[in-house]
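Number 330 in the working numbering belongs to position 329 of the sequence shown; there are no gaps in the numbering. C-beta: ideal position from N, C-alpha, C; glycine also.
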Amino acid sequence: MEHNESFRLSMLNFLEQCPSNLPIIASLGKKNCGKSSFMRFILHDNYDVQELNRKILDDPNSFSYKKYQDLVLVKMHDLESQDDRSENTLLRFSSCLALADILFLHISHTDLQNDTFIQTFASNYLQSVKTCLKYRQDLPNIIILVRDPQWLGIDPELYNEYKNIVELFLNKVNYIIDVLFRKFCLMFEEEAIKSSDNENEKKENIEAISKLREELPRYHLEINNFYVVYCQFDNQNNKPWYYGIEPCSIAEKDFQVCYFDELSQNILRTCHEKRQISDQYLSLNSTPISGIRNEMTNRIQIMLQNYSNQNPRRRIFEHIRTELKYNIFTKYKDESDCLKLLRYFTSLRKEIDKINTSIISTNKTKFTEIEIQQIRNKHQNEIERLISENIDDRELMISIIGYFKYITAITFANTFSVTPNFKDSYCYEAFEYIFFFSRDDEIISNQFSTVETNLCKFRCLFYYDEEMEDIIKTLIPDYFKIYESIFCIYKDVIDCSLRQNYKYKEIFDKEAEIFMQNNYIENLEKLVNLLSNFIVCDFMDVKEFLSMLKSIHIQALLNKKNTTEFYSGENVLFKELSKTVKIFTTSRISRLFPSLSGLTSGVINTARRCIIEAAATKAVTTAVAALSAAWVPVVGWTIFGLSTAYSGVSIFYSIFRKDINEKIVLSYTIEDDTIILDAIIFKNHMNGKLSGEKGLLDNKTFTYEIVLTNDKNALKSAFLDVKCYIAITGRSLDYVRG
């Protein structure tokens with residue numbers, strides 16, 4: 002672990018210093034195989050061999066890097082014997098696969114034909130690629146370098162012999178990957194079916210395993226090319242020089258000596274193109290926001306880019322390190338150990354799932370510290386009893402509980418996430434209420450109470466401790482995108498205000514004033530403070546961001562005002578009527594722990610979600626796609642919903658016994674000599690369905706009706722706010738004003 006922590010600190014130091022627009026070329030191989038000297042040779046980096054260690058930033062963890070104009074070269078020692086520490090090997094291998102744009106694998110001629118090496122390599126590659134593909138969409142270009150070749154000469158037969166060796170190596174590796182993966186799926190399926198409590202759960206588990214099997218082709222080792230590397234030492238210049246053999250287009254010769262010039266050019270060209278794309282993203286011109294383009298929109302989009310692009314490589318590395326630290330499925334390779342692991346995992350999961358059910362099914366909305374501790378102690382005793390029955394494997398079972406901390410932390414991060422790509426979480430829902438119902442304290446307070454209650458429920462888990470909080474702190478920043486979320490929601494507020502038909506300038510002015518007077522920041526601070534143990538947020542920046550959005554809103558409203566022909570409001574009095582109906586989901590239950598199907602489809606599999614939000618514009622979306630995309634694992638796409646095949650992280654259940662209807666009726670009658678000229682209606686509606694809308698308007702009477710319905714299986718509260726401005730004209734306006 003000390004070695005692993007030292008490597009982590011070295012990697013973090015490197016990732017802090019490495020500009021995000023520089024492509025990474027990774028070089029991975031055994032110690033003392035000439036990785037650094039060969040890579041610097043093909044990059045035309047002149048050096049003295051005795052000065053190499055001084056010029057490259059080496060550390061005790063066999064990790065080094067060097068920056069060039071259009072790339073950064075990273076070297077790691079790995080691909081060692083099967084006795085190498087597995088977690089360290091997987092961390093280095095996974096990091097290369099997840100962070101590199103091009104990966105060079107330095108493998109000796111002997112190792113390419115060594116079955117022991119091939120078995121170890123295949124196992125490590127499978128675990129590493131499964132981890133990597135949770136955090137990026139595609140693998141890097143992989144190039145195999147055949148080091149220490151035993152056959153010398155330049156002829157077609159020799160080249161083809163090496164080609165056959167590499168192809169046979171790939172075939173053996175992928176065959177082993179197939180065997181390992183299918184065995185795991187079969188064992189997991191058997192345990193999942195045996196542990197299913199009913200047919201629906203059994204069906205979900207089988208479907209999840211089927212999805213898992215479909216991922217197998219993505220785990221195969223594929224290479225873009227291979228090169229045979231010969232080395233001779235130049236005593237005069239005190240450095241090695243390298244050559245190889247390659248096909249030649251010259252008619253009289255089939256093969257020729259090469260000095261890897263074409264490889265060098267391809268690397269530099271690829272890296273230059275990637276850097277240009279990245280630089281283009283960072284220098285994007287602003288695009289209109291709700292029809293407005295000015296210096297303010299440019300500043301807004303720069304802020305969004307900056308907050309979205311805060312060192313994604315570092316975040317990916319921290320996610321990978323955390324997963325490998327706790328993911329027990331990467332630690333055991335022996336089949337008997339895996340079977341034992343799965344049995345204990347299933348047994349503990351069922352017990353913890355019972356605990357989950359007992360906690361989330363309580364109707365309590367408030368928990369005292371004493372009550373939380375009593376619940377924790379009760380469940381701790383139940384689990385200790387189970388562990389004591391298998392005392393010989395106590396250490397294994399405790400490590401499984403550590404894994405439950407990790408996947409519960411992912412559940413926590415999803416449950417309280419704030420991201421435009423996941424709008425069903427408790428906190429994103431609270432954000433929407435803050436902006437769309439900013440003046441309704443009951444709606445906002447109710448949602449805050451829901452957040453607090455569910456935070457307490459997580460604390461009731463017996464394994465919730467400082468270690469789990471540290472895992473959450475590592476994960477949740479990538480699920481908590483406050484600026485992108487504010488932008489998306491407030492842009493909806495702007496667009497909604499621009500769609501309204503105000504008809505009269507007086508109504509327009511009053512509604513515009515209300516928009517400008519709305520104070521969102523206080524409630525945003527209250528919400529974020531509920532998660533202050535995990536989230537650090539500079540609200541001075543948030544205030545500035547909101548202020549700029551409000552300025553855009555004012556400009557957009559002024560543009561609408563200046564381009565709209567309003568009806569005359571002269572000699573017209575406006576009477577305001579309003580009513581709000583609320584249907585709260587009083588029995589909404591969220592899982593604290595993923596179902597087995599959700600776990601299989603998300604954490605064990607490679608389900609993922611982009612964590613760099615493309616909130617602002619199409620330009621930002623394009624730019625984000627151009628970068629090395631950063632992803633995080635989810636336990637299922639339909640996280641907030643009734644039980645489905647992949648409703649894993651926080652399945653929500655609603656216990657409505659029947660549909661609930663709430664009707665709004667607005668009416669107004671005039672008895673003097675004034676008349677009702679017009680009625681302008683604004684509806685603010687969230688969730689549920691609207692029906693039965695009808696209205697009656699004559700000179701003396703106005704009535705309006707509408708019904709809000711929340712389905713018996715609804716997962717969210719539903720709200721409808723109706724505001725009506727009645728335009729009155731006539732001689733007796735003084736009476737009406739009274």
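Item	Value
Close-in-space but distant-in-sequence residues of the same chain around N312 (CB under 8 Å, 5 per side omitted)	L16, E17, S21
Per DSSP, cross-strand counterpart(s) of K690	T710
Length of the line joining the Cα atoms of H693 and L387	The displayed chain sequence assigns Gly, not His, to residue 693. One C-alpha to the other measures close to 57 Å.
Bridge partner(s) assigned by DSSP for C232	Y243
Close-in-space but distant-in-sequence residues of the same chain around V708 (CB under 6 Å, 5 per side omitted)	N662, K664, S692, G693
Start-to-end residues for the beta strand (DSSP E) that takes in D722	719–730
Extent of the continuous beta strand (DSSP E) to which G30 belongs	25–30
Beta-bridge partners of R148, as assigned by DSSP	S109
Whole-Å CB distance - I536 paired with F449, under 8 Å assumed	With 8 Å as the limit, I536 and F449 do not qualify as a contact, their Cβ atoms being about 15 Å apart.
Close Cβ partners of L593 (< 7 Å) along its chain, the five nearest in sequence each way excluded	N357, I360, I361, T409, T412, K458, F459, L462
Limits of the beta strand (DSSP E) - the one that E663 falls within	661–670
Straight-line Cα distance separating I584 from Y705	20 Å
Inter-residue Cα distance where the pair is N295 and M549	11 Å
Segment limits, alpha helix (DSSP H) that includes S446	442–460
Contact belief for D660 with K695 at Cβ below 8 Å, rounded distance in angstroms	About 20 Å; that fails the 8 Å criterion.
Candidates E190, R9, S129: closest to E208 by CA position	E190
DSSP beta-bridge partners of E577	Y726
Which of helix, strand or coil DSSP assigns to C19	coil
Inter-residue CB distance, I681 and K504 (contact presumed, cutoff 8 Å)	5 Å
Rounded straight-line distance, which links the Cα of K332 to that of A193	20 Å
Three-way DSSP call (helix, strand, coil) for F227 in this model	strand
Separation of V666 from G731, as counted between CA atoms	26 Å
Alpha helix (DSSP H) segments (min. 4 residues) lying fully within the stretch 149–216	157–195, 200–215
Closest residue to K36 among M12, L72, H78 (Cα-Cα distance)	H78
K379, enclosing alpha helix (DSSP H) - first and last residue	370–389
Contact check, A557 vs I495, beta carbons under 8 Å	yes
Where T704 falls: helix, strand or coil (DSSP)	strand
Rounded distance between the beta-carbons of L104 and L171, thought under 8 Å	Contact doesn't hold; Cβ gap of about 15 Å is too wide.
Check whether S129 and F94 have beta carbons under 8 Å apart	yes
Local conformation of G403 per DSSP, three classes	helix
Beta-ladder partner(s) of L104, from DSSP	A27, I143
DSSP-derived helix/strand/coil call for C272	helix
Bridge-paired residues (DSSP) for Y568	Y505
At least 3 beta-carbon pairs within less than 8 Å: the stretch 342–350 vs the stretch 156–169	no
Best match in V180, D479, P595, N520 for proximity to H320 [C-alpha to C-alpha]	D479
Nearest neighbour of I490, chosen from M687, I166, K275, S11 [CA to CA]	M687
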